[in-house]
Amino acid sequence: MSTRDLFTFSNPHFTRGVGITAAILIVTAIAGFIVLPFAQPWVQFANVWDAICSAAGVPQRAASVTAPEQAKRLSGVVLTSNTLSRPSQEAIGRGATLAQRCAICHGPTGISRADSPNLAGQYAAVIYKELHDFRSGARTNAVMSPFAVNLTDQEIADLSNYYAYLPRLPAYHPTPQLPKPSIVIYGAPMRGIAPCGACHGSLDNKTGSPWLEGQSEAYMKAQLQAFASGERRNDISQQMRNIARAMTPQEIEQAAAYYASQPPDVVKAVD
Amino acid sequence: MLVNRKLILAHFWLAFAVFGIALTLGAWQMFIRSPIGTWLSNPELYYRSLTAHGTVMGYVFPTLVAMGFGYAISESALQQRLVGVRWAWAGFWLIVAGSIMAVIPIALGRASVLYTFYPPLIGNVFYYLGVVLVVVGSWFWVALMSINLRVWRKAHPGAPVPLAMFANVAGSYLWAWTAVGAALELLLQIIPVAAGLKSTIDAGLARVFFSWTLHAIVYFWLMPTYIAYYTIVPRAIGGRVYSDSMARISFILFLVVAMPIGMHHTFADPQVGAGFKFIHSAFTALVALPTLLTVFTICASVEIAARLRGGRGMFGWIRALPWDNPMMLALAFSFVMLGFGGAGGLINMSYQLDASIHNTQWITGHFHLIFGGAIVIMYFAIAYDLWPHLTGRELIDVRLMRTQLWLWFVGMIVTTFPWHWVGILGMPRRMAYFDFGDPAIAPQSLSVTLSAIGGFVLLASGIIFIVILARGMRAPQAEAGPYRFALAVHEPKTVPVALNTHALWVALMIALTLTNYGYPILTLALTEGTSVPAVYVGAQ
């Protein structure tokens, strides 16, 4: 018998092999697509075809359910790999001019003397997102919101690139460096809290998360409390609200004090 | 007739060298996340190590063993010089280049995505390109196995293909087809994102592609082990294979049903329909069949050896077996681990039971027991058996070999049994550290500590293994004679064409892939709006 005779129905291996395989496939398909769907009394199907489609995972649009109206605005910022890539000197220059308005709170060198965030050398993506959120109303602040409402997309991008371009200077009143508290380095796994350092520096950085070294302690504490109370809600998928809600007041104190005491030159050079 | 010994030795040495490194990393990982290690202050280091361990143990190590063993089989079973030696070396160097290319970004912390890739996590593009090179290098081997068999067939028209080569080629075809899933995932989905051409990825589709590879790859790892069961063990212990046809049918069944079952890895994924999950579950149950056939045939073959040695009685023959023979010992250990691992596997593949152990340490325990235990212990046995023929020197220290196998067996049981147990208690996998001070998981510390100790026993065994092989390179020269494979009780004179060729079974394998994967992949690929933003590792 040659290979040519392999794929013929006169070859018992072929008929049996193909027959048994097809039979198993058909039986399991009937069980999986018809019998088992109907065996679930809590699911209703209009007809057999409906059951088959459901079991096959045919994508279906929910009939007439509309998304619930959001009482408050959520962050709508979209960041792609091209949004802020390779700023020109010109763009940074435009940002520098615009930033004169910001200097009164954020300092002429991007280092605040007034418990406002230090912006010098902050990641561009972070400033970009926050300015957009202030403009859209996803984040509100009596002082900051009026500055942001009239900014154009271009101005926001230029400002972000300018501040990212500034050198990372030490904070205005640096305090002695504190050791890493466990919330920063280990989080609290049993309460579902990832370590602060996993996104905000010290361990690793995740896109969209600011580095925090040398920021004002009062500012960071206030933001954590605002996340915990739900007053601030521009974090994506409630990431920070979920974390801040589960943190103890001591942990909030420790994290804020730790980051405030760090010099900015320990920020990981990942950008 | 082993001519290209250097080629085969190069594969084995590279395999065992990277195995040694990955084993050390593995033991460190067990230690660092157990209660006896202090918490790692940087979990990223853990994932870096985990990525290296998985990439080496999953892609590089078993592939090299299968390739080296495959070349050895091709030359000694077919009694013909390997055709395409240059291509074989090219494949080897591709694997070397790919491994280096992949390891650099891992070591730099730019590719801590674990060996299963986990999109939308995206690492450095060179990591993925390195893995692609490893796979492409192994495809050279697939082609060479097929070509060598074809050359032999031309010279021996109609003759039965030696069992070892028949199985070896079946394994190579299985690998060729199953690697396509991961290749599609890498080329169509991950690499464009990692290279910066796209910033979103269809993670659901990518996971389905990966499941295409992820299960059958285990059977590719298993192939050298099963080939050793059938064609080395009976010869080494002085017996015969109980049935040549049964062996062929087992390998054929692996070829057909190992492939269309991978979706039992996506039971918890919402993007796959429940009907398809059920079909995959049912086909996974079928894959137990060739293993049961093998266990039966090998036990019968072993019994033949025992009775030839004067064994008597219903179970009395077991005592007559050559228990001081490392091959016998390895087989027994392998079967015990295969039994426990297989039983655990039946739980994983059951749609409902899986829910209780999904993504827990049970899974990690399971695949270490099956792969690290049942499969790798036979890789050791293969190396011990082949070494004298490759080096032309005798492996003298049989006692040390037995110690090594015992340590591996005990170490693997001590490592994986508590591992399964904490999985049942709900301990999640892929975690860099656990707070064992918390009352909720404090009772698990004993099990995790035991597991970590087992890890060090395995490391000790691995070191002894490498020492034995290295000493074998410097032992006094001794001619080992031609390398032979086990004969069957009834050596086949003629074999039906279906059991002597792979075409029908490869066709069935591809057909079942189309029926079981076609629709889910097509709908996911054609549905709009299923992509999510990529999460870049170590990027800002």
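Heads up: the sequence lines are chains A and B, in that order.
When the letters of the first sequence are read in order and numbered with my numbering, they come out as residues 1 to 271.
When the letters of the second sequence are read in order and numbered with my numbering, they come out as residues 1001 to 1540.
The beta-carbon is built from N, C-alpha and C at its ideal position, and this holds for glycine as well.
Given the structure is predicted, the values throughout are model-derived calculations rather than measurements.
- Under DSSP, T1200 of chain B shares a beta bridge with B:P1533.
- Among the CB atoms of chain B, none fall inside 8 Å of the CB of M220 of chain A.
- Neighbourhood of D1435 of chain B in chain A, by CB distance below 7 Å: P189 and M190, in chain order.
- The beta-carbon of G1275 of chain B is placed less than 8 Å from the nearest beta-carbon of chain A.
- Look at R1307 of chain B here: in three-state DSSP terms it is helix.
- Residue burial is scored here from C-beta neighbours: F1019 of chain B has at least 16 other C-beta atoms within 10 angstroms and is therefore classed as buried.
- Residue contact with chain A for D1244 of chain B: absent (no Cβ-Cβ distance below 8 Å to any residue of chain A).
- CA-CA distance, Q40 of chain A to Y259 of chain A, rounds to 54 Å.
- The shortest C-alpha to C-alpha distance from L1253 of chain B to any of B:T1291, B:S1451 and B:L1082 is the one to B:T1291.
- Bridge partners of Q1477 of chain B according to DSSP: B:R1393.
- Within the region 83-150 of chain A, the alpha helix (DSSP H) runs of at least 4 residues that lie entirely inside it are, in chain order, 89-98, 103-106, 124-136 and 144-149.
- Residue pairing from DSSP places I1122 of chain B in a beta bridge opposite B:Y1536.
- Short of 7 Å from the beta carbon of R1005 of chain B, and not among the five residues preceding or following it, lie these beta carbons of its own chain, in chain order: L1390.
- Selection B:G1423, B:L1499, B:I1190 and B:A1022 evaluated against G1372 of chain B yields B:A1022 as nearest (Cα-Cα).
- Of all residues in the region 162-195 of chain A, those with a C-beta nearer than 9 Å to a C-beta of chain B are K180, S182, I185, Y186, A188, P189, M190 and P195, reading in chain order.
- Comparing alpha carbon positions, the residue from B:M1057, B:Y1115, B:P1492 and B:V1096 closest to V1136 of chain B is B:V1096.
- In this structure, A1498 of chain B sits near L6 of chain A, with a CB-CB distance shorter than 8 Å.
- In this structure, the alpha-carbon of M1030 of chain B lies about 16 Å from that of W1408 of chain B.
- According to DSSP, residue pairing for A188 of chain A in a beta bridge involves A:I193.
- Counted as a single uninterrupted DSSP element, the alpha helix (DSSP H) harbouring Q154 of chain A occupies residues D153 to Y165.
- Residue pairing by DSSP puts N205 of chain A in a beta bridge opposite A:H200.
- The C-beta of T1178 of chain B comes no closer than 8 Å to any C-beta of chain A.
- Cα atoms of W1141 of chain B and T66 of chain A: separation of roughly 55 Å, rounded to the nearest angstrom.
- Judged by DSSP secondary structure, H13 of chain A falls within the alpha helix (DSSP H) whose first and last residues are P12 to I30.
- E90 of chain A sits exposed, since fewer than 16 C-beta atoms from the chains shown fall within 10 Å of its C-beta.
- Judged by their CB atoms, P1533 of chain B and T1231 of chain B are not nearer to each other than the 8 Å cut-off.
- Per DSSP, the unbroken alpha helix (DSSP H) holding E1075 of chain B starts and ends at F1061 to L1078.
- Each residue's CA atom was taken as its position, placing F1465 of chain B and L1400 of chain B some 9 Å apart.
- With a threshold of 16 other beta carbon atoms within 10 Å, A1478 of chain B falls short and is exposed.
- Between P1520 of chain B and chain A, the shortest Cβ-Cβ separation is below 8 Å.
- Interface criterion met: the Cβ of W1039 of chain B is under 8 Å from a Cβ in chain A.
- Residue nearest to P1105 of chain B within the set B:P1119, B:R1393 and B:T1051 is B:T1051 (criterion: CA-CA distance).
- Residue contact with chain A for Y1046 of chain B: absent (no Cβ-Cβ distance below 8 Å to any residue of chain A).
- Contact annotation: in the region 1436-1450 of chain B, residues whose CB is within less than 7 Å of a CB in chain A are D1438 and A1440.
- With respect to chain A, the C-beta atom of Y1517 of chain B has no partner C-beta closer than 8 Å.
- Listed in chain order, the positions of the region 1118-1129 of chain B with a beta carbon within less than 8 Å of a beta carbon of chain A would be empty, since no residue qualifies.
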